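Below you'll find the structure, written out as structure tokens, and then a few comments.
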Amino acid sequence: MWKSGIKKLLGRAGYDIVRSIDNRGGVDDFLPFEATMRAARAAGLSVGDYLDEVMNGTPGATQSTIDELRALGVFAADPDTVLEIGPGSGRYLEKTLKECSPGRYEIYETAAPWAAYLVDTFKVTARPTAECSLAPTSDNSVDLVQAHKVFNTVTFLSAARYFFEMARVTRPGGRIVFDVMTEACLDPATMRAWVAKGGDGHDSYPAAMPRQACVDLFATLGCGLEASFLAPVGFASTEVLVFTKEA
Ligand SMILES: C[S@@+](CC[C@H](N)C(=O)[O-])C[C@H]1O[C@@H](n2cnc3c(N)ncnc32)[C@H](O)[C@@H]1O
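In UniProt numbering, the protein residues as written are 1 to 247.
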């Protein structure tokens, strides 16, 4: 009963955000830490690969985004400071650290058990999250700012607030990478599938964001769109946007 409840929750959410069932109190919406770690261990997989292969049914999805970013030269710039919003299980964080060796890797993650696990495992620095602010991080101080599968799960305003902050903390010449569910991800068949399968109790999931609104906003913040590509999310996709802040 308990196991099938977890499976149903995790499966229907297609990894993404589910309501915690073993971390009650405090942060309420995230992948349940203990249950996910146990399931990954039982499958003999790293937690990131478990999410990609088993929960999402998209083996290699995280790596394919990392490969695209490598091809765009994002890691060749040898970022010394990386900031990630909502790293969750750390599946992108872990693969980012295989591509570059930043002296500082800051995370802003609302799910306390996952943040603690990442600090412990990867020696990253967790910053306090409050109202989608990156206030503890100085202006123009980060080489690579990234967020994956976060802005299709939070409200429009949360994403928009983070956008301003991402542009603020990025140093001139630095990169900003994030994915959003744009028009390119919302053909009628996919919208039909979301209606049939998606959401499941999460008012903010999945959240759409117009691509042009992002491009125009970041342009006003001195950040130009350099590239974009689609990345899988379960049966659907999000669009990854890569910006460079003017030097
Ligand atoms: C769908 S998960 C994606 C996790 C990870 N980036 C990945 O793709 O595996 C969204 C993550 O964003 C975190 N999150 C939600 N709201 C947040 C906020 N306001 N600030 C920072 N992190 C947030 C959640 O706790 C969760 O870890």
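From the three backbone atoms N, C-alpha and C, an ideal C-beta is built for every residue, glycine too.
Small disclaimer: the values here were computed from a predicted structure and weren't measured.
With 16 other Cβ atoms within 10 Å as the buried cut-off, status of residue i
{"i": "arginine 41", "result": "exposed"}
{"i": "glutamine 212", "result": "exposed"}
{"i": "aspartate 52", "result": "buried"}
{"i": "glycine 44", "result": "exposed"}
{"i": "methionine 1", "result": "Caution is warranted here: a pLDDT of 30 is assigned to methionine 1, below 50, making its placement in the model unreliable, and no coordinate value can be reported."}
{"i": "serine 138", "result": "exposed"}
{"i": "lysine 197", "result": "exposed"}
{"i": "glutamate 183", "result": "exposed"}
{"i": "glutamate 131", "result": "exposed"}
Option nearest residue i by Cα separation, candidates the options
{"i": "aspartate 78", "options": "Gly88, Ser89, Thr96, Glu68", "result": "Thr96"}
{"i": "arginine 127", "options": "Phe243, Gln146, Asp187, Glu84", "result": "Glu84"}
{"i": "alanine 227", "options": "Arg175, Asp203, Cys185, Ser46", "result": "Arg175"}
{"i": "threonine 121", "options": "Ser204, Glu94, Asp203", "result": "Glu94"}
{"i": "glycine 222", "options": "Glu68, Gly57, Asp179, Ala167", "result": "Ala167"}
{"i": "glycine 90", "options": "Phe33, Leu157, Arg192", "result": "Phe33"}
Residue i vs residue j beta-carbon contact at 8 Å
{"i": "leucine 134", "j": "valine 82", "result": "no"}
{"i": "threonine 238", "j": "aspartate 179", "result": "yes"}
{"i": "valine 142", "j": "valine 242", "result": "no"}
Extent of the continuous beta strand (DSSP E) run through residue i
{"i": "glycine 174", "result": "170-180"}
{"i": "valine 142", "result": "142-147"}
{"i": "tyrosine 108", "result": "104-108"}
{"i": "glycine 222", "result": "Run containing glycine 222: none; DSSP gives neither H nor E here."}
{"i": "glutamate 53", "result": "Unbroken run through glutamate 53: none, as it is neither H nor E."}
Start and end residues, alpha helix (DSSP H) containing residue i
{"i": "glutamate 34", "result": "33-43"}
{"i": "lysine 95", "result": "91-99"}
{"i": "alanine 193", "result": "188-197"}
Below-8 Å beta-carbon distance, residue i vs any chain C residue
{"i": "tryptophan 114", "result": "Protein chains in the displayed structure number just one, and chain C is not present."}
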